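Colleague: Under this note's numbering, the residues of the sequence shown are numbered 1 to 487, in order.
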Amino acid sequence: MNTAILGFSYLIKLSRMTDADPSATSPDQSIAEAVAGGLPAAVADLGDLVRIPSVSWPAFDPAFVAQSADAVAELLRGTGVFDSVEVKRAQKAGFPEGELGHPAVLATRAARGGKPTVLLYAHHDVQPPGDEAGWQTKPFEPTVVGDRLYGRGAADDKAGVVSHVAAIRALAEAVAGAGSELELGLAVFIEGEEEHGSHSFVNFLEDNRDALAADVIIVADSDNWDTETPNLTVALRGACAFNLTVSTLGHASHSGMWGGAAPDAMLATIKLLSTLWDENGSVAVPGLASHDAGTPDFDEAELRASAALIDGVSPIGTGSVLSRLWFQPSITVTGIDAPSIANASNTLSPQVTVRLSMRVAPGQTSDDARDALVAHLRANAPFGARLEFHDFEGGDPFLVDTRGWAVAAAKQAMADAWGTAPVEAGIGGSIPFIADLVRVFPEAQILVTGVEDPDTRAHSPNESLHLGVFKRAILSEALLLGRLNAG
Ligand SMILES: [Zn+2]
């Protein structure tokens, strides 16, 4: 392993400089030392979890997800701080009675001495490996190359799981070393099906409402600005997707006989879809909201490189690049069922189905955005084409109230652990379960952190974790927990 990841000197120097007595060990310094000392074990534990192919998709063996849940429960028991550690399942919402979600892990310890309770969330299931030929290392064989640990789930989100475990271990060690007591309440919820729809998530929250109740919720499943700069994720777009079937004819007909007088469904679909965007490529659907907030600089060259725009192609949208990604809606046609070119006989298509995927700006519900889009499509159906809508999916956006004390404390802990202040970042993608957490626990302050960085490639071949980011993420969380325990 590259020793560059073990650079704790910043924090240790910082605490030495600010201590009145230069020989005394500050609580922060003890935690930094415990995190540093525990890092090799954390990397080894993470490697053991990566070896379990806990893919939560239906075509994969669920026994591995169960094995992974048991392994996570063992890690949590090993911290020695919990009153209870259980592997539990809940009924999947909208599924037949008795169909349970994948096993999750729930660990709790009650707060003492009036201290707050913190709920730590991550997920232990992973995406399928995808095309194994695309991997340079084996997906379920953790492999360190340079500063990075490769493997499916090495970042998303088994590193989130282990960052919680390692932060708790460091906290317990530092508290014991100082001869004081751990009074902070903790709940840990490690989900087993985040990568496949979180179908039992809401029921799990309801079933375990008392055990999960907390003053602060830390969701470690997001990313960082870069490997040297942390993010506190404060905005996430919502999502809404559905299939649209456009019908114009009762059956297919010869395009020479009837083309030019009978409207085919492809023509109607193309004309209809073209009303969704203006000439800049911005969404042009009335009733879709945008969120108004400033964004950090992100130049066009970076966008071109990251999204691989080919030469001569211009970006779409208006406003700052990040406002387009974080705070404005977008609509993408992600699939189309129509005759393939191999079957392109000279006929007028009677029916075309498209999958529409929309990102919803913070401040609008997914249902509201869906209604606006459906109304727009109905109002613009050309030639009286018949429209049918089906296979809806959705999840609400999320916006953090950044005025809470927990946000301030988290930002300070990140600044101290990384040596640089965090970016308050938005995410163009969606984590729908966060809106569920806010709904079930409206009093809790939510902090969305993470272990990913721009090179992580979560969900793709060659997923990897930057080990320096891992260390700093553990340290940030351990410092925050330590200060809440002491405060
Ligand atoms: Zn994840």
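Each residue gets a CB set at the ideal place from its N, CA and C atoms; glycine is no exception. As the structure is a computational prediction, the values presented were derived from the model and not from experiment.
By how many angstroms is the C-alpha of Leu479 removed from the C-alpha of Val216?
Modeller: Mapped onto the sequence shown, residue 216 falls at position 216. Mapped onto the sequence shown, residue 479 falls at position 479. Their backbone Cα atoms lie some 15 angstroms apart in a straight line.
Colleague: How many angstroms separate the CA atom of Leu481 from the CA atom of Leu46?
Modeller: Taking the sequence shown and counting its residues from 1, one reaches residue 481 at position 481. Taking the sequence shown and counting its residues from 1, one reaches residue 46 at position 46. C-alpha separation (whole angstroms): 21 angstroms.
Colleague: Is it true that the stretch 171-191 meets the stretch 26-33, where meeting means three or more beta-carbon pairs spaced less than 8 angstroms apart?
Modeller: yes
Colleague: Going by DSSP in three states, Ser489 sits in which element: helix, strand or coil?
Modeller: Past the boundaries of the shown model lies residue 489; the chain is included only from 1 to 487, so the question cannot be answered.
Colleague: Within the same chain, show all residues whose beta-carbon is closer than 6 angstroms to that of Pro53, passing over the 5 residues directly before and after it, in chain order.
Modeller: Locating residue 53 in the sequence shown gives position 53, where the first residue counts as 1. Taken in chain order, the residues that qualify are Phe64, Phe140.
Colleague: In chain order, what residues of the same chain have a beta carbon less than 6 angstroms from the beta carbon of Gly153, not counting five sequence neighbours either side?
Modeller: Looking up residue 153 in the sequence shown gives position 153. Counting only Cβ-Cβ distances below 6 angstroms, and skipping sequence neighbours, we find Val50, Val126.
Colleague: Which partner residues does Ser255 have in the DSSP bridge list?
Modeller: Residue numbering aside, residue 255 sits at position 255 when the sequence shown is read from its first letter. Answer is none; Ser255 lacks a bridge partner.
Colleague: Mapping the DSSP letters down to three states, classify Val126 as helix, strand or coil.
Modeller: Sequence index remark: in the sequence shown, residue 126 carries index 126 (1-based). Taken through DSSP and simplified to helix, strand or coil, Val126 comes out as strand.
Colleague: How would you label Ile270, buried or exposed, when you count the other beta carbons within 10 angstroms and need 16 or more for buried?
Modeller: For the purposes of this step, residue 270 is taken as residue 270 along the sequence shown, with counting starting at 1. By the 10 Å Cβ count, Ile270 comes out exposed.
Colleague: Just the C-alpha distance for Ser476 and Asp396, rounded to the nearest angstrom, thanks.
Modeller: Indexing the sequence shown from 1 puts residue 476 at position 476. Indexing the sequence shown from 1 puts residue 396 at position 396. Spanning the two alpha carbons is a distance of roughly 28 angstroms.
Colleague: Please output, in chain order, the residues near ligand 1 using a CB cut-off of less than 5 angstroms to any non-hydrogen atom of the ligand.
Modeller: Ordered along the chain, the selected set is Asp156, Asp157, Asp221.
Colleague: Taking Ala369 as the reference, give the member of Ala289, Trp326, Ser56, Asn346 with the closest Cα.
Modeller: The sequence position of residue 369 within the sequence shown is 369, counting from 1. When each option's Cα is compared against that of Ala369, the closest is Ala289.
Colleague: Could you check how far apart the C-beta atoms of Ala159 and Phe470 are, in whole angstroms? I think they sit under 8 angstroms.
Modeller: Here residue 159 refers to the residue found at position 159 when the sequence shown is read from its first residue. Here residue 470 refers to the residue found at position 470 when the sequence shown is read from its first residue. Right, their Cβ atoms sit about 6 angstroms apart.
Colleague: If I'm right that Val400 touches Val234 with Cβ under 8 angstroms, what's the distance once you round it to whole angstroms?
Modeller: Position 400 of the sequence shown holds residue 400. Position 234 of the sequence shown holds residue 234. Confirmed, Cβ separation roughly 4 angstroms.
Colleague: Nearest-angstrom Cα distance between Ser84 and Arg209?
Modeller: Stepping through the sequence shown from its first residue, residue 84 is reached at position 84. Stepping through the sequence shown from its first residue, residue 209 is reached at position 209. Whole-angstrom Cα-Cα distance: 15 angstroms.
Colleague: Can you check which of these residues, Val440, Arg169, Asp278, is closest to Ala34 by C-alpha distance?
Modeller: Position 34 of the sequence shown, counted from the first residue, corresponds to residue 34. With distances taken between Cα atoms, Ala34 lies closest to Arg169.
Colleague: Can you tell which of Asp207, Trp418, Ile310 has its C-alpha closest to the C-alpha of Val440?
Modeller: Mapped onto the sequence shown, residue 440 falls at position 440. The shortest Cα separation from Val440 among Asp207, Trp418, Ile310 belongs to Asp207.
Colleague: My output table needs one value for Glu191: the three-state DSSP class, helix, strand or coil.
Modeller: The sequence position of residue 191 within the sequence shown is 191, counting from 1. Three-state result, Glu191: strand.
Colleague: Judging by CA-CA distance, which residue of Asp264, Phe204, Arg457 is the nearest neighbour of Ser349?
Modeller: The count along the sequence shown starts at 1 and reaches residue 349 at position 349. Cα-wise, what sits closest to Ser349 is Asp264.
Colleague: For chain B, find out if any of its Cβ atoms is closer than 8 angstroms to the Cβ of Ala59; answer yes or no.
Modeller: Considering every chain present, this structure includes no chain B. It has just one protein chain.
Colleague: State the Cα-Cα distance for the pair Gly517 and Ala262, rounded to the nearest angstrom.
Modeller: This structure cannot speak to residue 517, because the chain is shown only from 1 to 487.
Colleague: Going by C-alpha to C-alpha distance, which of Gln351, Asn280, Ser340 sits closest to Gly319?
Modeller: Here residue 319 is taken as the residue at index 319 of the sequence shown, counted from 1. The candidate whose alpha carbon is nearest that of Gly319 is Asn280.
Colleague: Cα separation between Thr365 and Pro442?
Modeller: Walking along the sequence shown from the start, residue 365 turns up at place 365. Walking along the sequence shown from the start, residue 442 turns up at place 442. The straight-line gap from Cα to Cα measures roughly 16 angstroms.
Colleague: For a minimum of 3 consecutive residues, which ranges assigned as the beta strand (DSSP E) are wholly contained in the stretch 173-244?
Modeller: For the stretch 173-244, the continuous beta strand (DSSP E) assignments of 3+ residues that do not extend past its boundaries occur at 185-191, 216-223, 231-236, in sequence order.
Colleague: Leaving out five residues on either side along the sequence, give the residues of the same chain with a beta carbon under 7 angstroms from the beta carbon of Thr402.
Modeller: Here residue 402 refers to the residue found at position 402 when the sequence shown is read from its first residue. Around Thr402: Val234, Glu424.
Colleague: Can at least three beta-carbon pairs, one atom from the stretch 132-150 and one from the stretch 190-208, be found at a separation below 8 angstroms?
Modeller: The stretch 132-150 makes no contact with the stretch 190-208; the number of CB pairs closer than 8 angstroms stays below 3.
Colleague: Indicate the three-state DSSP secondary structure (helix, strand or coil) for Ser501 in the structure shown.
Modeller: There is no way to answer for residue 501, as the model of the chain reaches only from 1 to 487.
Colleague: Quick one: what does DSSP say Thr108 is sitting in, helix, strand or coil?
Modeller: Translated into the one-based positions of the sequence shown, residue 108 becomes position 108. It is a strand residue.
Colleague: The beta strand (DSSP E) that contains Val423, what's its start and end?
Modeller: Here the question's residue 423 lines up with position 423 in the sequence shown. Counting along the chain, the beta strand (DSSP E) containing Val423 begins and ends at 423-427.
Colleague: Give me, in chain order, the residues of the same chain whose beta-carbon lies closer than 6 angstroms to that of Arg457; leave out the 5 immediate sequence neighbours on both sides.
Modeller: To locate residue 457, count along the sequence shown from 1; it is residue 457. Once the five neighbours on either side are set aside, the close Cβ partners of Arg457 are Glu463.
Colleague: Ignore the nearest five residues each way along the sequence and tell me which others in Ile331's own chain have a CB closer than 6 angstroms to its CB.
Modeller: As a first step, residue 331 is located in the sequence shown; it is residue number 331 there, counting from the start. Leu276, Val283, Met358, listed in sequence order.
Colleague: Check this for me: beta carbons of Val407 and Ala155, under 8 angstroms apart or not?
Modeller: By one-based count along the sequence shown, residue 407 stands at place 407. By one-based count along the sequence shown, residue 155 stands at place 155. Cβ distance not < 8 angstroms, so Val407 and Ala155 don't count as in contact.
Colleague: Helix, strand or coil for Phe441, going by three-state DSSP, please let me know.
Modeller: Here residue 441 corresponds to residue number 441 of the sequence shown, with the count starting at 1. Here Phe441 sits in coil by DSSP.
Colleague: Could you give the distance in angstroms between the alpha-carbon of Tyr490 and the alpha-carbon of His466?
Modeller: Because the chain is modelled from 1 through 487, residue 490 falls outside the range shown and cannot be assessed.
Colleague: Can you tell which of Leu356, Gly294, Gly468 has the C-alpha that lies nearest to the C-alpha of Asp545?
Modeller: Here the chain covers residues 1 to 487 and nothing more, so residue 545 does not appear.
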